[in-house]
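Enquirer: One rule links them: number in my numbering = place in the sequence shown (from 1) + 16. The beta-carbon is built from N, C-alpha and C at its ideal position, and this holds for glycine as well.
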Amino acid sequence: MLQTGGRKFARDIGTGSCATKDDKRRGRIVRRGAQFGIYRLARGGTSAVLPPVKRLPLLVRTAVVLSALTAFARDPHASWRDYGGAADSSQFTTLTQFTRANVARLQVAWTYPIGENKRYFFNPVVVDDLMYVMGKGSSIVALDAATGREVWTYQPPAGTTLITNRGINYWESKDRAHRHLLFASNHALRAIDARTGRPVTSFGDGGSVDLKQGLDRDPTTIALVQSTMPGRVFEDLLILGSATNQGYGSAPGDIRAFHARSGRLVWTFRTVPRPGEPGAETWPKDARKNVGGANVWSELSVDEQRGILFAPTASAKYNFYGADRIGANLYADCLLALDARTGRRLWHYQMVHHDILDYDNPTAPKLLTVRHGGRNVDVVAQVSKQGYVWVFERETGRPLWPIEERPVPASDMPQEKTSPTQPFPTNPPPFARLTFTVDDLSPFLSEADRARFRAAILGARNEGPFTPPSRRGTIQMPGNNGGANWGGAAVDPTNGTLVVVSKDMPSLLKLEEKQPAVATAAARYESGFGFMIASDGLAAIKPPWTTLTVYDLNAGTIKWQIPLGEVPELAAKGFKNTGTHHPKVGPIVTATGLIFTGTRDKKVRAFDLENGKLLWEHELDTAIEGMPAVYEIAGRQYIVYCASAQVGLTPATQVPIRGAYVAFALPGRN
17 MLQTGGRKFA RDIGTGSCAT KDDKRRGRIV RRGAQFGIYR LARGGTSAVL
67 PPVKRLPLLV RTAVVLSALT AFARDPHASW RDYGGAADSS QFTTLTQFTR
117 ANVARLQVAW TYPIGENKRY FFNPVVVDDL MYVMGKGSSI VALDAATGRE
167 VWTYQPPAGT TLITNRGINY WESKDRAHRH LLFASNHALR AIDARTGRPV
217 TSFGDGGSVD LKQGLDRDPT TIALVQSTMP GRVFEDLLIL GSATNQGYGS
267 APGDIRAFHA RSGRLVWTFR TVPRPGEPGA ETWPKDARKN VGGANVWSEL
317 SVDEQRGILF APTASAKYNF YGADRIGANL YADCLLALDA RTGRRLWHYQ
367 MVHHDILDYD NPTAPKLLTV RHGGRNVDVV AQVSKQGYVW VFERETGRPL
417 WPIEERPVPA SDMPQEKTSP TQPFPTNPPP FARLTFTVDD LSPFLSEADR
467 ARFRAAILGA RNEGPFTPPS RRGTIQMPGN NGGANWGGAA VDPTNGTLVV
517 VSKDMPSLLK LEEKQPAVAT AAARYESGFG FMIASDGLAA IKPPWTTLTV
567 YDLNAGTIKW QIPLGEVPEL AAKGFKNTGT HHPKVGPIVT ATGLIFTGTR
617 DKKVRAFDLE NGKLLWEHEL DTAIEGMPAV YEIAGRQYIV YCASAQVGLT
667 PATQVPIRGA YVAFALPGRN
């Protein structure tokens, strides 16, 4: 499971407790979990690590920059040096220029055209006066963050087809002599100089580290181990997950930490354990040789004060049939709490046992403080594709509210053995619809589509949450591309507020026999993702298709929920408040009580965090995916969006993308 500096660690935990033997001797266990659950923490030492005050980047901005950088040393949420704003993935800013009173006055400050008909959803990073973005041809571009002027461009090596496309990492040494941008491309971790864009040849092997190495597989047999997310920088480490492929024989999804200056591997946490390691008893023998996934393709979060990494893992592979991986499959579909410096497991909670529904944890764990039971509690909140919010005490892994193991439908597939129970949070309430019947069909369906979907629903298994895939078809609601997705949640970490963007999209999972057979199953079965989409590109379920939900996690209640966005084709006919379609957008919360987000209807919007009132909107040339970034340069605050996504619902209605980074600011400030 864990390897650090060449030494191996074995823990005797079983599936019912996450404690080590050493923890038990020291009396650190305060609660045992259920058969597949949590729970345990070893309380290690903690240290508060504050970034050093930075040297002045430009003499002309000396006083202002010094003030801003001193503020950053106190408050990581006052800048945007990390993907999602800070290592805690809060998507929160303490900058205060934008308020309810003036947000309607926002105007375009600058635009940087990407220059090609390609979909981008990159979250910029801003350090000193430079903004780092992805540009044409998957290049990395440094911009003047105040003007959008191009400073330098890094072109990836010829033949690059895969690259981290949602964000990038910035790391600097304590003396600032070394400043690296870290990202993955073509199954390799790479470093370039943040000041010049030139490759750092002292990093790894000539500037890169081969990510196919060290996975207990022949590297030539690994089809995909590329990271789509940037990972997390903590102290001098770059901690990275991976996006393995979806099929049989995928690579295992190890979580790895590399030294940010040298590229040296520091530690590995094996989410598919080796034989004899903790969790191996929840898999067939030698599963690591044949089964993959359990990876972190989504977003990592770090509690920098405690030195805890929170990692949300995905399902084991293959996604929809698991006869060759009978068992609970730890550490797939878990929220993992690891010692960020060593990779040692502190506690875990498994949200789905033996997942055959592709119910990955797609969103960053959110770190915030709530008032609960008369005391302040530091918690980690995980939102999921199932539409649930899971809330745990950050140090112990103890659920803030009870989680019940409830009976769920069994599989009727040959040799498949599903878990008899699955965990259900009792609080807070879900943010998405959990069922889909003929009564929920969209009023916008054509007669032919309505008849087709009605027949599919009536002929399929449809027994509620966790109904397993089948040959005749299974209704999955939310579907495997519904609920929350990457970037889809933000918090105000100081007052218990959680904001979730989600979509309601059902799936129809229908397994078909495939060959060749495998040793532990009579045959292999496969299903498509089964998105239930009508011929016009709209979902089969009635609106709203996208919602914006705000929770008060002090009370465990929903404060308000509204449809987010609209479908231009329907809005033109007078049908509004449907929610936009297929969103993969992330909200940003401000200390002044605003929510900023974009949508697939080409609009960026600001809402009142208190009540959901729309305060500002602006239409761009193309659609938004991903999340914006908020920052301040020379006393002026900006919010920048990557606007480079397709708008049309079907190929016939789609036009070339004119992608750009668009920054907004208040007028008249210098």
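#1: Three-state secondary structure (DSSP) at arginine 468?
#2: Can you pull the DSSP bridge partners for leucine 256?
#3: Skipping 5 residues on each side, what residues in its chain have a beta carbon closer than 8 angstroms to that of proline 672?
#4: Starting from the C-beta of valine 716, find all residues in its chain whose C-beta is less than 7 angstroms away, skip the five residues before and the five after it, and write them out in chain order.
#5: Terminal residues of the continuous beta strand (DSSP E) containing lysine 575?
#6: Can you have a look at asparagine 335 and say buried or exposed, based on whether 16 or more other CB atoms are within 10 angstroms of its CB?
#7: Kindly identify the DSSP beta-bridge partner or partners of arginine 652.
#8: Can you tell which of Arg214, Asp520 and Leu564 has its C-alpha closest to the C-alpha of histidine 194?
#9: How many Å lie between arginine 280 and glycine 230 at the Cα?
#10: Can you tell me the Cα-Cα spacing of threonine 163 and alanine 303, whole angstroms?
#11: Less than 8 angstroms between C-beta atoms, sequence neighbours within five positions excluded: which residues of the same chain meet that for glycine 498?
#12: Serine 266 and lysine 190 - do their beta-carbons sit closer together than 8 angstroms?
#13: Compute the distance between the beta-carbons of glycine 572 and proline 378, then report whether it is under 8 angstroms.
#14: Express the C-alpha separation of leucine 474 and valine 454 in angstroms, rounding to a whole number.
#15: Taking valine 424 as the reference, give the member of Glu479, Thr412, Arg466 and Thr563 with the closest Cα.
#16: Along the chain, where does the beta strand (DSSP E) containing alanine 426 start, and where does it finish?
#17: Quick one: is glutamine 123 buried, meaning 16 or more other Cβ sit within 10 Å of its Cβ, or exposed?
#18: For the structure I just gave you, are there three or more beta carbon pairs, one from the stretch 425 to 439 and one from the stretch 579 to 586, closer than 8 angstroms?
#19: For a test of the three-state rule: what should DSSP assign to serine 105, helix, strand or coil?
#20: If I'm right that leucine 625 touches glycine 609 with Cβ under 8 angstroms, what's the distance once you round it to whole angstroms?
#21: For tryptophan 406, which residues does DSSP report across the bridge?
#22: Distance, Cα to Cα, tryptophan 515 vs proline 418?
#23: Assuming contact is defined by CB atoms lying nearer than 8 angstroms, are lysine 575 and glycine 546 in contact in what I supplied?
#24: What span of residues does the beta strand (DSSP E) with asparagine 501 cover, start to end?
#25: Quick check: the Cα distance between phenylalanine 692 and valine 399, rounded to an integer number of angstroms?
#26: Based on the DSSP secondary-structure assignment, which residues constitute the bridge partners of methionine 643?
#27: For alanine 679 and threonine 217, I'd like the C-alpha separation in whole angstroms.
#28: If you count every other CB in all the chains shown that lies within 10 Å of the CB of alanine 676, and 16 or more means buried, which is it?
#29: With DSSP as the reference, identify every bridge partner of glycine 151, one or two as the case may be.
#30: State the start and end residues of the unbroken alpha helix (DSSP H) segment that holds lysine 305.
#31: As a quick exercise: from Thr437, Gly222 and Arg341, pick the residue whose alpha carbon is nearest that of tyrosine 264.
#32: Could you compute how far the alpha carbon of asparagine 139 sits from the alpha carbon of proline 509?
#33: Should aspartate 234 be labelled buried (16 or more other beta-carbon atoms within 10 Å of its own) or exposed?
Expert: This is what the structure gives:
#1: helix
#2: Arg272
#3: Asn133
#4: Only positions 17 to 686 of the chain appear in the structure, and residue 716 is not among them; the question remains open.
#5: 573 to 579
#6: buried
#7: Ile649
#8: Arg214
#9: 12 angstroms
#10: 53 angstroms
#11: Lys401, Gly403, Ala448, Ser518, Lys519, Asp520, Met521, Pro522 and Ser523
#12: no
#13: The criterion of a C-beta distance shorter than 8 angstroms is not satisfied by glycine 572 and proline 378.
#14: 8 angstroms
#15: Selected option, being the one with the closest Cα: Glu479.
#16: Careful: alanine 426 lies outside any beta strand (DSSP E) and carries neither H nor E.
#17: exposed
#18: no
#19: coil
#20: That belief holds up - the Cβ atoms of leucine 625 and glycine 609 are roughly 5 angstroms apart, short of 8 angstroms.
#21: Gln398
#22: One point to set straight first is that residue 515 is valine, not tryptophan, in the sequence displayed. Each residue's Cα considered, the two are about 22 angstroms apart.
#23: no
#24: Here the beta strand (DSSP E) through asparagine 501 covers 499 to 508.
#25: Here the chain covers residues 17 to 686 and nothing more, so residue 692 does not appear.
#26: In the DSSP output, where bridge partners are listed per residue, methionine 643 has none listed.
#27: 34 angstroms
#28: Around the beta carbon of alanine 676, 16 or more other beta carbons lie within 10 angstroms, which makes this residue buried.
#29: Bridge partners of glycine 151: Ser155.
#30: 303 to 306
#31: When each option's Cα is compared against that of tyrosine 264, the closest is Arg341.
#32: 20 angstroms
#33: By the 10 Å Cβ count, aspartate 234 comes out exposed.
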